[in-house]
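Structure first, commentary second.
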């Protein structure tokens with residue numbers, strides 16, 4: 008659901024930024040039929056509203072040698088949850104995302120690895136915190152953001 012405070016131009020701006028976060032304000036303005044200053048003002052408003060929060064880069068992990076992708080499903084206990092959260096924040100494993108789902112102690116960890124041994128090592132490290140299921144990813148089937156619809 009798109010917030011009522013956004014109009015079609017705001018949505019187009021967000022969509023263009025998702026395609027190329029380095030786009031110039033001149034080019035962005037052309038693509039959304041605004042002057043570069045008007046596009047800049049709109050973008051600043053989107054930032055002030057907290058809609059555009061940061062600019063990131065999607066890195067192709069296999070290019071850097073991290074061709075193995077795994078999703079770990081972990082159920083902690085109340086006792087192990089704090090140490091698990093500390094582990095996630097301080098680990099040297101390449102954890103892209105850690106999501107807490109289904110209540111207070113259920114997590115999905117999304118990570119990339121340079122070897123099956125590294126993936127197994129993270130699995131072994133996570134087992135100390137609770138029940139673990141490892142899901143090796145064979146392919147990404149679909150990825151879409153609501154703004155891209």
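Residue numbers (the working numbering): 8 to 156. Backbone N, C-alpha and C fix where the C-beta goes; we use that ideal spot for every residue, glycine too. Since this is a predicted model, take the numbers as computed values, not measurements.
Item, Value
"Alpha carbon of residue 136 to alpha carbon of residue 75, nearest angstrom", "23 Å"
"Inter-residue spacing [alpha-carbon to alpha-carbon] between residue 100 and residue 118", "8 Å"
"Residue of 114, 146 and 64 minimising C-alpha distance to residue 26", "64"
"Sub-8 Å separation of residue 57 and residue 45 beta-carbons", "no"
"Three or more C-beta pairs below 8 Å linking the segment 95 to 112 and the segment 69 to 87", "yes"
"Range covered by the alpha helix (DSSP H) that runs through residue 89", "88 to 97"
"Beta-bridge pairing of residue 107 - partner residues as DSSP gives them", "114"
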